[in-house]
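Have a look at the structure below before the remarks.
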Amino acid sequence: MSTRNLIKLFKPESVAVIGASNRPYAVGTVVMRNLLEGGFLGPVMPVNPARKAVAGVLAYADVESLPITPEMAIICTPPATIPSIIDDLGRKGTHAVICLTAGLNGVIDSASGRKVIDLVYEKTRALDIRILGPNCVGALVPGINLNASFAHVPAKPGKIAFVSQSGALCTAVLDWARAHDVGFSHFLSLGDKIDVDFADVIDYLGTDPGTRAILLYIESVRNGRKFISAARSASRNKPIIVIKSGRAAEGAKAAASHTGALAGLDEVYDTVIRRAGMLRVCNIGELFSAVETLARAKPLTGEALAIMTNGGGIGVMAVDDLIAAGGKLTQLQEQTLTALNAVLPVNWSGANPVDIIGDAPGARYKAAADILTKAPGVDALLAMHAPVATASPTDAAQAIINAAKQANCNVLTSWVGGEAVAPARRMFTQAGVPTYETPSHAVGAFMHMVNYRRNLEMLMETPPSAPEEFAPDTERARAIVKRVLARENGMMTEPEAKAVLVAYDIPTVETYVAEDPQSAARYAEEIGFPVVIKILSEDISHKSDVGGVALNLKTPEAVTQAAENMLAMIAKKRPDAQVQGFSVQAMASRPGAHELIIGVFSDVIFGPVILFGQGGTEVEVVKDSAMALPPLNMNLARDMINRTRISRLLAGYRSRPAVDMDKLCLTLMKVSQMVIDLPEILELDINPLWSDENGVLALDARIRVAPNDDGARQLAIRPYPQQLEEYFETASGHRVLLRPIRPEDEPRHHEFISRLTPEDIRFRFFGLVKSLPHSEMAKLTQIDYDREMAFIATGVDKHIRHETLGVVRTVTDANNQTAEFAVVVRSDLKGEGMGRKLLSKMIEYCQARGTKVMKGEVLSINHRMLNLASALGFSITPLENEDGIKGVSLDLTALPAVKA
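If you read the sequence shown in this note's numbering, its first letter stands for residue 124, the second for the next number, and so on.
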């Protein structure tokens, strides 16, 4: 993640155009025209050795001849010329380039024999030059009159940022936006993304005060962890709405597991977008419809919609669309119905949707809207109007505009029709009230708000603590993995796979390995009948498909016969398969248990993905599954289950009891931990997994492994860094655990802050804070370990067990240059050495990850903190224009090296 030098790309004070031209329709000609006609206020310097002037501006023969160093250069010359131009710009001191030229990947540099695109990438990195593109349309920043592009029309100024991988889509969206009077804070074409990518731009725009919402058109992502980290950070502050191309099914790739066949690239992106708190839409119209709503709307406090209409038909259509989309219709309370009775005709609908009758004048709209927007249980109001000869659509529109100004909830509108309602729609747009052409579009916009709210809530929801007694036998599991890695296909036998599950405390049916039919019968007698036997072969993934499973065998003779039949069947259907023997297990019986599947597969971009759904042999036909990224907590596991159709059956129905949901969620968490601990797992299937009111039982398991040197780095979301845990003894002998903070620490963190004195609260927050709301506390406890860190001191001794005693935290900039820190210890535990230990641990951590500087701000009267900072080597200086505050700073590069 890096925003280094991006300000020079998007807020340059001077621009050079390499390849500027006077030739009609040339890219260099269009770029010069756009820069000049756009009104860019800084110097524009065309570079063209064959021209004295371009577009009336003095031209220069080469980069070296430029009178000043351009903050940003736009390159529109042929591919072969670009490596030397990058060298020239580096010598000149330029650190930002937009490369519009296409085809760099297909051109070989004559001097080195290498691809031009590879040379450009290496040179820009060595010279600290940020490059947008190549093969892009450019960048438009209307707020500073910058049109550094060859777009055919300019962008209007606005508060929305649009970032696209596709140049063709950029020009189409510009056309669409101008026709719909939509403006932009930034309009960026990324092109081939050899340097500046989605994550960099999201980091930059996420902190840009002029950007209210971020729109992304994504074809592909190269660095999954970097992308998710940036998106999770920015989406807490502003909406990020995504169009991801490739929704159409591509067909399941060949895979050795049901999970692999169920998994598709598009579903993985859906999972990523949801986990990062973003919102996905299907097309351009829906994209800007979502922005229209999210950028102008108040945050929803609930999900219930009230509908008001002058026509029953469009009201019914809106309800149908709402329910089909998973929305909720407000149930109006008695006092609301009574209030409506007083202002509406006697023949009004008497329920939600509120049909105020076709001849409704503006006054009736206003009276009903005033009641509904303040009614309990109404989280948003959709006001609709169909044109009639007996009422004015503009009067009704003005009434809703006036009501919306005093509303306690969001107000959306849909004036249905054509010419008759066009003036009313313009009124809504000018007044900043979201308006939509059809009830379906309006409901869709409301559901965007709902889904965005759900995604953010999931991003910030406090999970319950997982049971502490879960302690997997990782060494046993790693020994099995190491043994199987020596095999060519990396496929575990069923007993080996089940042994890994047992190591992670996942209940399984005990399984024995028999070499031949006679051994299988002897094992069956030891186990007790009835039994199940299955073929053991590293070459056969789906045993049922080749007759490799026999159930409910009740005698030794039946076992022997079934095993011999299997061998004959496999010799016929899979003569290439090597058979190692048979697995033998008791015929388990759990009447009423649900057959489920838990699986893992590895995505090339986002790493391991966990799958849950309806299991059994028909799993690929039923296709009822949901995905999630590890690490999982109890809430994420439950959300994953709830996104499947079978979840409604798992909740219980008729005489069938609900399953033990906690044990099912915990099983998903155990699989998540397994994936983190054993990065060699390439694919995993637990199918079927029985689940009922008594818990879970794995009947069959399949695991395939492969060498993996990346470890936890392959995960798209960095897991809890357990290796950073450390025990410490305080001055008075208390045993304390120093560890990274976890989301489930939120309740104890509230308690911790409540036990700080007013003075300590002022020292920490620079003001009196009585309590922090959940949204703020979630930001403190649910951190992204890739870009921030918080270590807490938690009690180990009985009388302070699990209590939060102190905390130190840092937030590091996207370039990993500077980490801002804060530290506080519980007021009744001062003098124990805890503050010094916490801050020392953070210094060591920041130094190990390559951060250059730690800094903080301290009130001048906080002498204890200033003395601690001084003792640990921080320099202390007064802050300019900040009376009573001092800055403390530590150069980490000057300290002795620590082991990373």
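Ideal Cβ placement from N, Cα and C applies to all residues, glycine included. All figures in this text were calculated on a predicted structure; none of them were measured in a lab.
Give me the Cα-Cα distance between residue i and residue j, rounded to the nearest whole angstrom.
i: N597; j: D800; result: Contrary to the premise, residue 597 reads as Thr rather than Asn in this sequence. Distance between the alpha carbons of T597 and D800: 7 Å.
i: V1021; j: E580; result: 39 Å
i: I915; j: A353; result: 24 Å
i: A829; j: I221; result: 41 Å
i: L338; j: P562; result: 24 Å
i: R761; j: M784; result: 8 Å
i: R841; j: Q553; result: 45 Å
i: D920; j: I876; result: 20 Å
i: F163; j: L269; result: 5 Å
i: R403; j: V286; result: 14 Å
i: P257; j: P201; result: 11 Å
i: L159; j: P476; result: 54 Å
i: K975; j: N939; result: 7 Å
i: V177; j: E136; result: 20 Å
Which of helix, strand or coil does DSSP assign to residue i?
i: E649; result: helix
i: A378; result: Annotation note: pLDDT 38 at A378 (below 50); position unreliable, no value reported.
i: G387; result: Residue confidence for G387 is low, a pLDDT of 48 falling below 50, so the modelled location carries little weight and cannot support an answer.
i: H873; result: helix
i: M155; result: helix
i: A196; result: strand
i: L755; result: coil
i: T941; result: strand
i: W471; result: coil
i: A1020; result: coil
i: R88; result: A question about residue 88 goes unanswered here, because the residues of the chain that appear run from 124 up to 1023.
i: I446; result: helix
i: A372; result: The predicted model places A372 with a pLDDT of 47, which falls under 50 and marks its position as unreliable, so this point remains unresolved.
i: M615; result: coil
i: M965; result: helix
i: L773; result: helix
i: Q708; result: strand
i: I341; result: strand
i: M440; result: helix
i: M401; result: coil
i: L791; result: helix
Give me, in chain order, the residues of the same chain whose beta-carbon lies closer than 8 Å to that of residue i; leave out the 5 immediate sequence neighbours on both sides.
i: E617; result: T634, K657, L659, S706, D823, A824, R825
i: E816; result: P780, A781, V782, D783
i: S233; result: A203
Exposed or buried, what is residue i when buried is set at 16 or more other beta-carbons lying within 10 Å of its beta-carbon?
i: E415; result: buried
i: S188; result: exposed
i: H309; result: buried
i: T273; result: This sequence places Phe at residue 273; Thr is not what is there. With 16 or more other Cβ atoms within 10 Å, it is buried.
i: E869; result: buried
i: Q288; result: buried
i: K666; result: buried
i: Q641; result: exposed
i: C199; result: buried
i: A371; result: Note that A371 has pLDDT 48, beneath the 50 cutoff, so the model's placement of it is unreliable and no number is given.
i: T424; result: exposed
i: D1014; result: exposed
i: P866; result: buried
i: I283; result: buried
Enumerate in chain order the residues of its own chain whose CB-to-CB distance from residue i is below 6 Å, with the five nearest sequence positions on each side excluded.
i: A184; result: P172
i: A774; result: A781
i: V539; result: I437, A509
i: R398; result: L752
In chain order, what residues of the same chain lie with their CB nearer than 7 Å to the CB of residue i, ignoring the 5 residues before and after it?
i: H218; result: N128, K131, D251, I252, R253
i: I407; result: V296, W299
i: T853; result: V859, E955, G956, M957
At least 3 beta-carbon pairs within less than 8 Å: the region 642-654 vs the region 620-629: These segments do not touch.
Three CB pairs or more closer than 8 Å across the region 422-439 and the region 503-518: Short answer: they touch.
contact_flag[the region 477-496, the region 433-449] where n(CB pairs < 8 Å) is 3 or more: As far as the Cβ criterion goes, the region 477-496 touches the region 433-449, which means the pair count is three or higher.
Contact the region 787-801 vs the region 743-750: 3+ CB pairs below 8 Å: No, because fewer than three Cβ pairs between the region 787-801 and the region 743-750 fall closer than 8 Å, the two stretches do not touch.
The region 439-455 touching the region 514-534, judged by at least three CB pairs closer than 8 Å: The answer is no - the region 514-534 does not touch the region 439-455, with fewer than three Cβ pairs under 8 Å.
Touch test, the region 712-722 against the region 809-824, Cβ-Cβ under 8 Å, three pairs minimum: These segments touch.
Three or more C-beta pairs below 8 Å linking the region 290-303 and the region 244-251: These segments do not touch.
Three or more C-beta pairs below 8 Å linking the region 275-283 and the region 342-356: No, the region 275-283 does not touch the region 342-356.
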